[in-house]
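Worksheet for the structure shown next.
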Amino acid sequence: MSSSGGSAMGPWPATSCFRGLLLDAGASLQIDDGPSLDVLRFSTCVPAGCIVQLTLDEGTVAALRGGAALKSEVRSTDQKEAL
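In case it helps, our numbering puts the sequence shown at residues 1 to 83.
Dropping the structure here:
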């Protein structure tokens with residue numbers, strides 16, 4: 001991972017989620033109990049699951065390094081609960 005001139009850092013490694021997701025809702029991330037980051041859109045789905053790709057700015061990377069937990073949330077296809 002590298003950065004030049006304070007630009008956004010990325011691409012961050014992709015992550016996959018399990019099946020049965022409401023794809024239009026995307027995924028959200030939260031560092032500790034801070035505000036949720038921008039909603040991430042799924043870029044594709046493969047047999048192992050659905051993938052989002054992240055591009056993180058230096059401030060977010062610093063918050064991740066200083067944080068204790070990274071929480072993620074997605075919605076199930078029945079839209080009844082966050083997963």
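For glycine and all other residues, C-beta sits at the position ideal for the given N, C-alpha and C.
query	result
What residue range does the beta strand (DSSP E) around Leu64 cover?	Taken as a continuous stretch (DSSP letters only), Leu64 belongs to no beta strand (DSSP E), being part of the alpha helix (DSSP H) at 58-66.
Return the first residue and the last residue of the beta strand (DSSP E) that Thr44 is part of.	44-46
Alpha carbon to alpha carbon, how far is Asp38 from Gly49?	21 Å
Given this structure, state the Cα-to-Cα distance separating Gln53 from Gly59, to the nearest angstrom.	18 Å
Per DSSP, which residues does Arg75 bridge with? Please list them.	Ala82
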